[in-house]
Amino acid sequence: MLDLEIFSKFKNLEELDLSNNLVSINNNVTYTLPYLKQLNLSSSNINEFPIFLRAATNLEYLDLSSNSIYGQAPRWLGNTGRDSLHFLDLSHNLLQGPFPTLNFLGLRYIFISNNKLTGEIPSLICHASSLEVLDLSHNNLSGPITKCLVHCNVLTMLDLRMNSLHGTIPATFSMENNFRTINLNENQLEGLLPWSLANCINLEVLDLGNNKINGVFPYWLGSLQNLRVLVIRSNRFQGHIGNPKTKFPFPNLQIIHISNNQFNGPLPRKYFKYFEAKMSVDESEVALHYVGELYYQDSMSVVMKGQRFELERILIAFTIINFSNNRFIGEMPKIIGMLKSLKALNFSHNNLIGYIPSSFRNLTNLEWLDLSFNKLNGEIPNQLADLLWLEVLNLSHNQLIGHIPIGKQFNTFNNDSYIENLGLCGFPLSRTCNNHESKQPPPSTLQEEDNLEPENGFGWQAIMEFLQPCGKLRSRWNPTPMAKKKESSPRTPSMCQNWDRDEASLSTCHLHHPYLLSSSSIFK
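Counting from 4, one number per residue, gives the positions in the sequence shown under our numbering.
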């Protein structure tokens, strides 16, 4: 155990980083560190605010995250750093009560997520004219979204997910805004989606899942050239998606999750035609976003039927589409077979008919396919057995017939993948096949999709999420002085590698890249 008091002798100390250690604090002993500018005590097992911070008037950077600090933040915290404090991280503690009293004038980065704060977001936050990042996610905050937040032209990342905010989304996003990430997932927001969101020309991530927002599919967001993530799952959207209103809609979309709404009509074939995934992975495009002296690391949680995905980086060729739990009808567009970087596809719980397109054989990176609870017929294409990365398959509750493909990944799937398809036979089912049950289905009758070649090389720059309730988005910012410690922190695992199966219904995707998303259920 390291006693913080031993540093009281170093009166000229300017930087102190004791993160990821066991630190003890004795607030009964009075001392000051008047020249201290940077203090990092993250993950150091402390349970109270060091009282010497009361006189730390020159402090610029304060990180007390991932500790066990409980109760209300002291009122003197507003004097810490006075006008010099620009970075504050109190996330992952046990703070309770109203929003802390802070001096907002110089603050650029505020992280107070994963606490137990209650009450409304104070209007004084409007005084933070330099605020670039605000993460208040995973608290118990209530009331409406403070309207001034959408007028803050410097703000790039707003994360208010997992609270109890209510009312409508402010409808006054100006042309001058600089938003790159807006995450309002899991609140109680209602009303229509404001058209002024189309003014957010730098927006990369928009997560509005798990609210009560209504209206039609937000086609007007298709003009956002930088949008990579669109999550509107578990709301009250309805109607036909229809045809695109712009020439090249959503040109950089990487994640689309619209499950658990009331969309109907045919699947939006023309959108898929434009959403042709990249044919190769450009590793040079996989990077962290740097803003001045800081970078942020966005993360997203995805729930995929009992499996957890840890994603620390959104690869450009990582594509997920989740249109599940709606009322779509008709056949599946064959053009989907051109989304070669597709990792997960979920069309379950709709009213789709027809055959499984043989073009799906081109989805060589596919790891998850859920077409359950539809009215699909015909045989399972034998070519799907060549999808060597396919780990999860659910074709249950359809009207499929014939022999189940044999070999490779298909030898790993159990009965649950095929139940309630009375015409299927072969392994792993107990029903054996007769000779006449081996014919492949005729081609689809869809007229306009015979040509699967890309038009004019237009590509989707893929990464659409296969989420069903997908959800949590977690963003972290790290300044250069403390970056090395942060990078090795357990809170920031390295890449998208681990597929934990610990949790029965929650899958978490941490994405390090222009964003990513937050937790919920992605695959239902």
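From the three backbone atoms N, C-alpha and C, an ideal C-beta is built for every residue, glycine too.
Exposure of Ile409 is indicated by the presence of fewer than 16 other C-beta atoms within 10 angstroms of its C-beta. For the pair Ile332 and Pro269, the CB atoms are nearer than the 8 Å cut-off. Judged by DSSP in its simplified three-state form, Ser145 adopts strand. Rounded to the nearest whole angstrom, the C-alpha separation of Glu423 and Leu345 is 27 Å. Residue environment for Asp6: exposed (fewer than 16 other C-beta atoms within 10 angstroms of its C-beta). In this model, Gly405 and Gly381 are separated by some 7 Å (Cα to Cα).
For Thr322, the beta-bridge partners assigned by DSSP are Leu345.
For Gly194 and Cys151, the gap between their C-alpha atoms comes out near 19 Å.
In the DSSP assignment, Ile216 is bridged to Gly194. By the C-beta density criterion, Asn438 is exposed, having fewer than 16 other C-beta atoms within 10 angstroms. Taking C-beta separations shorter than 7 Å and ignoring five residues to either side along the sequence, the partners of Tyr421 in its chain run Leu398, Ser399, Ile407, Leu427, Leu432, following chain order. With a cutoff of 8 Å on beta-carbon distance, Ser226 and Asn202 are scored as not near each other.
DSSP places Lys12 within a helical segment (H, G or I) once states are collapsed to three. Closest in alpha carbon position to Ile324, among Asn365, Pro360, Ser362, Leu369, is Leu369. Asn205 and Asn255 have their C-alpha atoms roughly 12 Å apart. At a Cβ-Cβ threshold of 8 Å, Tyr38 and Glu8 do not count as neighbours. Per DSSP, the continuous beta strand (DSSP E) segment holding Phe114 begins and ends at 112-114. Look at Asp389 here: in three-state DSSP terms it is helix. Residue range 272-277 is occupied by the alpha helix (DSSP H) that includes Lys276. Here DSSP, grouped into helix, strand and coil, assigns Gly426 to strand. Ranked by Cα distance from Asp419, the first of Asp373, Lys411, Thr435, Gln386 is Asp373. When Ile235, Asn263, Trp223, Arg239 are compared, the shortest CA-CA separation from Thr249 is found for Trp223. Closest in alpha carbon position to Leu65, among Gly74, Asn82, Tyr73, Gln75, is Asn82.
The residue from Glu63, Ala59, Leu120, Ser46 with its alpha-carbon nearest to that of Asn70 is Ser46.
Secondary structure in the stretch 204-253: the beta strand (DSSP E) runs of 3 residues or longer, each lying completely within the stretch, are 208-210, 215-218, 232-234, 239-243 in chain order. In the DSSP assignment, Thr184 falls within the beta strand (DSSP E) that extends over 184-186. Listed in chain order, the non-local C-beta contacts of Leu137 below 6 Å within the same chain comprise Ile113, Leu161, local neighbours out to five positions each way being set aside. In the DSSP assignment, Met160 falls within the unbroken beta strand (DSSP E) covering 160-162. For Phe55, the secondary structure class from DSSP, reduced to helix, strand or coil, is helix.
Cβ-Cβ distances below 8 Å link Gly429 to His406, Ile407, Ile409, Thr435, Cys436 in the same chain, with the five nearest sequence neighbours on each side left out; the list follows chain order.
In this structure, the straight-line span from the alpha carbon of Gly122 to that of Pro101 is close to 5 Å. Exposure of Asp86 is indicated by the presence of fewer than 16 other C-beta atoms within 10 angstroms of its C-beta. Residue range 64-66 is occupied by the beta strand (DSSP E) that includes Tyr64. Glu18: member of the beta strand (DSSP E) spanning 18-20, first to last residue. Gln257 is classed as buried because its beta carbon has at least 16 other beta carbons within 10 Å across all chains shown.
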